[in-house]
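I have placed the structure first, in the form of structure tokens, so that the comments after it can refer back to it.
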Amino acid sequence: MTENHISIQTQDLHCQFGDLHAVDGITFEVETGTIFGFLGPNGAGKTTTIRLLLGLLEPSAGSARVLGFDTHTQADQIRLNCGALLEHSGLYERLSAEDNLDLFGRIWHLSSEQRTQRIQNLLENMGLYERRKEIVQTWSHGMKQKLAVARTLMHDPKLVFLDEPTAGLDPLASSGLREDLVQMARRHGVTVFLTTHNLAEAEKICDRVGVINKGKLISVGSPDELRLKQGTNSLLVVGRGFEQSILNELKAMPDVTAVEIQDHHLVVHFKQETESGKLVQFLAGKGVMIDEVRKGKASLEDAFLALLEEEE
Amino acid sequence: MIQDIITIIRKEWKEVIFHRTSGRQGWVSILIIVGIVGIYLPYMSGAEWLSDPISLLTWAWLPIIMTSGMVADAFAGERERHTLETLLSTRLSDTAILLGKVAASVLYAWMISLLSALAGVITVNVAFGEGTFLFYDPVLFFGGLLAVLLVAILMSTIGVFVSLKASTVRQAYQKLSLSTTAIWFIPFILIQAFPNQSMDLLQNLAPALEKNLTVVVLAVFAVLLLVDVLMLLLAKKRFKRTRLILE
Ligand SMILES: Nc1ncnc2c1ncn2[C@@H]1O[C@H](COP(=O)(O)OP(=O)(O)OP(=O)(O)O)[C@@H](O)[C@H]1O
Ligand SMILES: [Mg+2]
Numbered sequence: 117m118t119e120n121h122i123s124i125q126t127q128d129l130h131c132q133f134g135d136l137h138a139v140d141g142i143t144f145e146v147e148t149g150t151i152f153g154f155l156g157p158n159g160a161g162k163t164t165t166i167r168l169l170l171g172l173l174e175p176s177a178g179s180a181r182v183l184g185f186d187t188h189t190q191a192d193q194i195r196l197n198c199g200a201l202l203e204h205s206g207l208y209e210r211l212s213a214e215d216n217l218d219l220f221g222r223i224w225h226l227s228s229e230q231r232t233q234r235i236q237n238l239l240e241n242m243g244l245y246e247r248r249k250e251i252v253q254t255w256s257h258g259m260k261q262k263l264a265v266a267r268t269l270m271h272d273p274k275l276v277f278l279d280e281p282t283a284g285l286d287p288l289a290s291s292g293l294r295e296d297l298v299q300m301a302r303r304h305g306v307t308v309f310l311t312t313h314n315l316a317e318a319e320k321i322c323d324r325v326g327v328i329n330k331g332k333l334i335s336v337g338s339p340d341e342l343r344l345k346q347g348t349n350s351l352l353v354v355g356r357g358f359e360q361s362i363l364n365e366l367k368a369m370p371d372v373t374a375v376e377i378q379d380h381h382l383v384v385h386f387k388q389e390t391e392s393g394k395l396v397q398f399l400a401g402k403g404v405m406i407d408e409v410r411k412g413k414a415s416l417e418d419a420f421l422a423l424l425e426e427e428e
Numbered sequence: 174m175i176q177d178i179i180t181i182i183r184k185e186w187k188e189v190i191f192h193r194t195s196g197r198q199g200w201v202s203i204l205i206i207v208g209i210v211g212i213y214l215p216y217m218s219g220a221e222w223l224s225d226p227i228s229l230l231t232w233a234w235l236p237i238i239m240t241s242g243m244v245a246d247a248f249a250g251e252r253e254r255h256t257l258e259t260l261l262s263t264r265l266s267d268t269a270i271l272l273g274k275v276a277a278s279v280l281y282a283w284m285i286s287l288l289s290a291l292a293g294v295i296t297v298n299v300a301f302g303e304g305t306f307l308f309y310d311p312v313l314f315f316g317g318l319l320a321v322l323l324v325a326i327l328m329s330t331i332g333v334f335v336s337l338k339a340s341t342v343r344q345a346y347q348k349l350s351l352s353t354t355a356i357w358f359i360p361f362i363l364i365q366a367f368p369n370q371s372m373d374l375l376q377n378l379a380p381a382l383e384k385n386l387t388v389v390v391l392a393v394f395a396v397l398l399l400v401d402v403l404m405l406l407l408a409k410k411r412f413k414r415t416r417l418i419l420e
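Order-wise, the sequence lines are chains A and B. Quick note: the first sequence, position 159, residue 275 per the working numbering, numbers continuous. Quick note: the second sequence, position 192, residue 365 per the working numbering, numbers continuous.
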């Protein structure tokens, strides 16, 4: 048994479709009660990894343990304790919203009162309770997505897999969902494994992120670590007197990684640990007329793009 | 396990019988069938309806044919509507899902047969009754219900096999109708291929058939039961969720 504080642990996990290595030897851990963001471009192997972790696909090599259970031999136990929102919402469109949730409550052997209570809680929370009798087919994409998330949480799982949960949700709904996920993790110790193409979202809520590309895990760490490792900070200086000689001197400084002029503004990229004040002082000392200085922090997105570029 | 099978049956029935998307609810078609087979036909044929083996063929076979639609939908439909993977990601075991799907369609056929047969009794008694209560020949009635059950299981396991392999409901329908037609035609093809031998066989069998009808019927039931069990076991072996996702 894996120790309790680790919910997911993979060891050199591989999954091959013919000649294609969809998942190519990934090793990582996810701590219990944390939100892990799995990032990567289209076709990177995110969905395939989730399928492997749920025991829906068999790995061609390597192994994984989820909640302490082996995905190959104890997948039933894993599925019993997990909830999953996969690539498709998986809703029964010919049934009503309520019937969809009720079905999953029954699947997990919830009592009739538990089901009623849970359906009310979840749907009220998402503002869909009034419309619970409607056939799902008639709902909008975002409403279905919310319902699918509710269904995933119906049985209070210990670990949830969410494949692009906020895709198609409006800003209000996605921020609501993010809040719910954070609460679940912080208050109830639920572990969340999610994939997303929204890097700002990952930056906001994920304790740790993993970046996968072409089946290989190219980086794992907290969003901050990733930014520090990959991204650079920048300084935008609005003013006059950016002589070429000054720019050359700037470029020569060891902390500065790039200098460019954009729309008559000076943009200086520099390493994370550098004090930006030093740079401003230098410029002022050279007689540059400074109107305004703005500091830019590397986003997770910058770091992500830099990482992928590095891979190419 | 039983609870899980019932959950699946409930869901399948709700989807097929009570859904409201195609304008009318599914149970309207059931009413129409029961109306024709349980009211109109008995009314036309009179009190003989209850003793005529032909009537048995009507209320027993029609529903069995109807099940194929439901079975074709079993896995191919879930795949086509993108619900299969989510269903497979739940705690339900492979066996519960498989048996739930089979049971849903078998019971569907069986209930329609039973309803039609009972509606026939009411129709005949109301229209042609003369004080005494008229009912089927018990052997015909119970034998018929048992036959419906056994044949429906066979049909639905064939359907499950076909549905497992098909990616759309349409494809499943096509494959299913082809394979069932093939199975029903095997006796005719054999007779065609060996005309003399089969005539001899039939001539020898006929007297024996007449003498031991009960034994023959029981033997047929036994064989059907055996085939059902074999087919179910095969289906169980074939049904592995790790393979289903890939297909
Ligand atoms: N059943 C399958 N058979 C063959 N190839 C597959 C199968 N499933 C996935 N693949 C391939 O594996 C690779 C990874 O796919 P996967 O769905 O895991 O990507 P993803 O990271 O989820 O992408 P996206 O962001 O677009 O959802 C892709 O090249 C895909 O074509
Ligand atoms: Mg995907």
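Glycine residues also receive a C-beta, built at the ideal position from the N, C-alpha and C atoms. In this text the structure is predicted, and so the values were computed from the model without any measurement.
Residue environment, residue i, which counts as buried when at least 16 other CB atoms sit within 10 Å
i, result
"residue 271 (chain A)", "buried"
"residue 242 (chain A)", "buried"
"residue 329 (chain A)", "buried"
"residue 131 (chain A)", "buried"
"residue 249 (chain A)", "exposed"
"residue 300 (chain A)", "buried"
"residue 256 (chain A)", "exposed"
"residue 261 (chain A)", "buried"
"residue 410 (chain A)", "exposed"
"residue 136 (chain A)", "exposed"
"residue 129 (chain A)", "buried"
"residue 117 (chain A)", "Here the model assigns residue 117 (chain A) a pLDDT of 43, short of 50, so the residue's position is not dependable, and the following value carries that caveat. So residue 117 (chain A) counts as exposed."
"residue 358 (chain B)", "exposed"
"residue 161 (chain A)", "buried"
"residue 379 (chain A)", "exposed"
"residue 361 (chain B)", "exposed"
"residue 408 (chain B)", "buried"
"residue 126 (chain B)", "Lying outside 174 to 420, the shown extent of chain B, residue 126 (chain B) is not represented and no answer is given."
Heavy atom of ligand 1 within 7 Å of residue i beta-carbon
i, result
"residue 413 (chain B)", "no"
Residue i CB to nearest heavy atom of ligand 2 below 7 Å
i, result
"residue 317 (chain A)", "no"
"residue 401 (chain B)", "no"
"residue 258 (chain B)", "no"
"residue 323 (chain A)", "no"
"residue 186 (chain A)", "no"
"residue 203 (chain A)", "yes"
"residue 192 (chain A)", "no"
"residue 418 (chain A)", "no"
"residue 279 (chain A)", "yes"
>> Strictly closer than 6 Å from CB to any heavy atom of ligand 1: give me those residues in the order they appear in the chain.
In response: A:133, A:136, A:138, A:156, A:158, A:159, A:160, A:161, A:162, A:163, A:164, B:419
> Just checking, does the stretch 351-362 of chain A make contact with the stretch 151-163 of chain A on the three C-beta pairs under 8 Å criterion?
Replying inline: no
> Just checking, does the stretch 130-150 of chain A make contact with the stretch 295-306 of chain A on the three C-beta pairs under 8 Å criterion?
Replying inline: yes
> Curious, which full-length beta strand (DSSP E) runs of at least 3 residues does the stretch 289-369 of chain A contain?
Replying inline: 307-311, 324-329, 332-337, 349-356
> Is the stretch 347-364 of chain B touching the stretch 282-301 of chain B, taking contact as three or more C-beta pairs under 8 Å?
Replying inline: no
> Can at least three beta-carbon pairs, one atom from the stretch 170-178 of chain A and one from the stretch 401-418 of chain A, be found at a separation below 8 Å?
Replying inline: no
> Are three or more beta carbon pairs between the stretch 362-379 of chain A and the stretch 184-195 of chain A nearer than 8 Å?
Replying inline: no
> Residue ranges of each alpha helix (DSSP H) run of no fewer than 4 residues wholly in the stretch 199-236 of chain B, ordered along the chain?
Replying inline: 199-208, 214-218
> So, do the stretch 327-340 of chain B and the stretch 238-248 of chain B have three or more beta carbon pairs nearer to each other than 8 Å?
Replying inline: yes
> Any contact of the stretch 417-427 of chain A with the stretch 377-397 of chain A, i.e. 3+ C-beta pairs under 8 Å?
Replying inline: no
> Fully enclosed by the stretch 335-366 of chain B, which alpha helix (DSSP H) runs are 4 residues long or longer?
Replying inline: 342-366
>> Runs of 4 residues minimum, wholly inside the stretch 225-303 of chain B: which ones carry the alpha helix (DSSP H) assignment?
In response: 226-253, 257-261, 267-301
>> Is it the case that the stretch 255-268 of chain B contacts the stretch 210-223 of chain B, given that we only count it when at least three CB pairs across the two stretches are under 8 Å?
In response: no
> With contact counted as at least three CB pairs below 8 Å, one residue from each stretch, are the stretch 307-315 of chain B and the stretch 196-216 of chain B in contact?
Replying inline: no
> Is there contact here, the stretch 183-192 of chain B with the stretch 271-282 of chain B, by at least three beta-carbon pairs under 8 Å?
Replying inline: yes
> Mind pulling the beta strand (DSSP E) runs of 3 or more residues that sit fully within the stretch 365-418 of chain B?
Replying inline: none
> Quick one: complete beta strand (DSSP E) runs, 3+ long, within the stretch 134-158 of chain A?
Replying inline: 136-147, 151-155
> What are the uninterrupted segments assigned as alpha helix (DSSP H) that are 4 or more residues long and contained completely in the stretch 157-191 of chain A, given in chain order?
Replying inline: 162-169
> Is the stretch 353-367 of chain B touching the stretch 377-384 of chain B, taking contact as three or more C-beta pairs under 8 Å?
Replying inline: no
>> Across the stretch 227-234 of chain A and the stretch 284-292 of chain B, are there enough close Cβ pairs to call them in contact, namely three or more that are closer than 8 Å?
In response: no
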